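Once you know that position 46 of the sequence shown is 793 in the numbering used here, the rest is easy, because the numbers rise by one and skip nothing.
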Amino acid sequence: MPDHRDKIKKAMLEVRAIYAELARRPIQRQCEARTECCQFHLTGLTPQLTKGEAALAAKAFRATGRKALPEPDDGACPLLKRETGRCLIYADRPFGCRTHFCAAAGGPYARKEVLDLIRRLEAVDQMLGGDGPHAIQSAVADALAEI
């Protein structure tokens, strides 16, 4: 029976495979890396991460040399570098960020275009004993404590 670390590694590989599949899909966007969608206090929207996504985000965050999310919550994504306003984990950014839930990029992807990938993320979540998606702040904080 695989131990917890092996499960986490397998989950992160699957999440990366899901992200790679999404990147191969010809869905047009108009994102210009403005990071407006990363200002949750302005958009009123917060990405929701499954346990596998949170583990990958936490690992990428730790790779930047950071150990804890910024306090207090200023309404911006906790994964933004405050000095530059750029994503600290862009290569491993969550599915919600990749599917451009913000209006500036053209609004969210149509669910039917990515439902199979969402189901795969849910399967990874179940394999890790997750209970569904959680807001990015709490999901990554919990993953940082676990990995």
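Don't be surprised by glycine CBs; every beta carbon is placed ideally from N, CA and C. Please read all numbers here as calculations on a predicted model, not as lab measurements.
My assumption, with CB atoms under 8 Å, is that residue i sits in contact with residue j. Please give the rounded CB distance.
i            : j           : result
cysteine 844 : proline 794 : 6 Å
leucine 796  : proline 880 : 6 Å
With burial defined as no fewer than 16 other Cβ atoms inside 10 Å of the residue's Cβ, what is the status of residue i: buried or exposed?
i             : result
leucine 890   : Per the sequence shown, the amino acid found at residue 890 is alanine instead of leucine. Burial call: buried.
leucine 789   : exposed
aspartate 839 : buried
glycine 877   : buried
alanine 857   : exposed
Which one of the options has the shortest CA to CA distance from residue i?
i             : options                           : result
alanine 735   : Cys784, Asp839, Glu768 and His847 : The shown model of the chain, from 748 to 894, leaves out residue 735, and the question about it has no answer.
valine 861    : Lys757, Lys754 and Pro773         : Pro773
leucine 868   : Ala801, Arg752 and Phe787         : Ala801
glutamine 884 : Gly832, His751 and Phe787         : Phe787
aspartate 820 : Ala857, Ala882, Thr797 and Lys754 : Ala882
If you draw a straight line from the alpha carbon of residue i to that of residue j, how long is it in whole angstroms?
i             : j              : result
arginine 809  : lysine 859     : 34 Å
leucine 826   : methionine 759 : 18 Å
arginine 813  : alanine 888    : 12 Å
alanine 807   : arginine 771   : 22 Å
glutamate 818 : arginine 829   : 12 Å
glycine 799   : alanine 805    : 10 Å
glutamate 893 : arginine 752   : 10 Å
glycine 832   : threonine 811  : 15 Å
The segment 763 to 771 touching the segment 873 to 885, judged by at least three CB pairs closer than 8 Å: No, because fewer than three Cβ pairs between the segment 763 to 771 and the segment 873 to 885 fall closer than 8 Å, the two stretches do not touch.
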